[in-house]
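Student: Protein chains in written order, with the working numbering: chain A, 46 to 228; chain B, 46 to 228. Below: one structure in structure tokens.
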DNA sequence: GTCTATACAGCGATAGAC
DNA sequence: GTCTATCGCTGTATAGAC
């Protein structure tokens, strides 16, 4: 059981952070939903911040790995980008990483802020790489990659605001339509 | 002074909400920053929620009016859209309305949620109207309008995450580049 | 309409036994 | 490493005088 309590706490924190944000999630909620006791929580994570760092790092790592894996997978570059953009997402729930940019606790903590920055920096870089495979020059690739990532993040915001999965799909459709019109 | 305290409270709340979100802003902070006394706050706004409704409604109203005014102003449709997208923004601060989609208090309150939904619904509708002026058919106009609004909202998320105004500019540049390539 | 004083709950964290 | 008990503080709101 040595490492089980710690693991249960991290996984539970990840879930609650995705639902309500980091600042709004209390240590008490985490221990109640994970089934571990109060002593255990404060043994493994002396402060709320320590738990936040562990859970947010994990989420960033998982989310980035999954995105990069799809973007650098097999198939033609344009098909890979389209598949990433059209990926099934619970858009109404919002992006687990993107939502952190509005979290007071995350933004006030240098380490947590850096985690979020690194995620988007790497993601844009990866998308730009796919666009360069298509022959786009570096500057144009970086701009268009930023646009692509922004469309997804904005799609999350709109779907969440309107309580409907459709805005995300419409935003991606509109973007892919413009990409195809070029070819 | 009858209405001055109320007004000061609303304006102060708007500012603090933009800085740290609604849930994270305490009634105490609002009264301290506005200079009114505790009794006054609870006289004008019996609960934190009442103040939130007043301040958020005001922000949504102001922001929408400003956007619509520019989008439906003078000049060619494509120039108006470009001007709206390239508008000077403090992107690192985030969108005063968009950030509310990650605010636990706003999302848990039906009236506040509806305010935010109405804002984006109206904004997308307005942009779609501009695109239809350019001859785009209804479905394509709605999709592309959703993309345009998503690019701005995503630009905010990226600029905030990276602590840099540049990602917003890059996202808009990438989008306008695709629009021009079509013409 | 505004003031001062106060109530009460929940949050984040600690103490000390086992 | 986990438990129960408890602490100090702040958030939200109320009471009652002026």
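Yeah, the Cβ is synthetic: ideal placement off N, Cα and C, and Gly gets one too.
(1) Cβ closer than 7 Å: which chain A residues qualify as neighbours of residue 65/B?
(2) Is the shortest distance between the beta-carbon of residue 90/A and the beta-carbons of chain B less than 8 Å?
(3) Is any beta-carbon of chain B found at less than 8 Å from that of residue 220/A?
(4) Taking C-beta pairs closer than 7 Å, name the residues in chain B that residue 143/A reaches, listed in chain order.
(5) Does chain B have any CB closer than 8 Å to the CB of residue 188/A?
(6) Please report the straight-line C-alpha distance between residue 217/A and residue 209/A, rounded to a whole angstrom.
(7) Tell me which same chain residues have a C-beta within less than 6 Å of the C-beta of residue 46/B, skipping the five on either side of it?
(8) Here's the rule I'm using: 16 or more other beta-carbon atoms within 10 Å means buried, otherwise exposed. How should residue 212/B be labelled?
(9) Using the three-state DSSP reduction, which class does residue 46/A fall into: helix, strand or coil?
(10) Give a yes or no on whether the C-beta atoms belonging to residue 219/A and residue 188/B are separated by under 8 Å.
(11) Between residue 203/B and the rest of its own chain, which residues show a CB-CB distance below 6 Å, the 5 nearest in sequence each way excluded?
(12) With 16 as the cutoff for other CB atoms within 10 Å, does residue 180/B come out buried or exposed?
(13) Thinking just about the alpha-carbon of each residue, which of 105/A, 227/A, 60/A is nearest to the one in residue 163/A?
(14) Note down the Cα distance separating residue 133/A from residue 196/A, rounded to an integer number of angstroms.
(15) By how many angstroms is the C-alpha of residue 117/B removed from the C-alpha of residue 59/A?
Tutor: Taking the geometry as given:
(1) Within 7 Å Cβ-Cβ: 149.
(2) no
(3) Yes, residue 220/A counts as interfacial toward chain B.
(4) 202
(5) yes
(6) Each residue's Cα considered, the two are about 14 Å apart.
(7) Residue confidence for residue 46/B is low, a pLDDT of 47 falling below 50, so the modelled location carries little weight and cannot support an answer.
(8) buried
(9) In this prediction, residue 46/A has a pLDDT of 46, which is less than 50 and means its spatial position is unreliable; nothing more can be read from the coordinates.
(10) yes
(11) 212
(12) exposed
(13) 105/A
(14) 15 Å
(15) 44 Å
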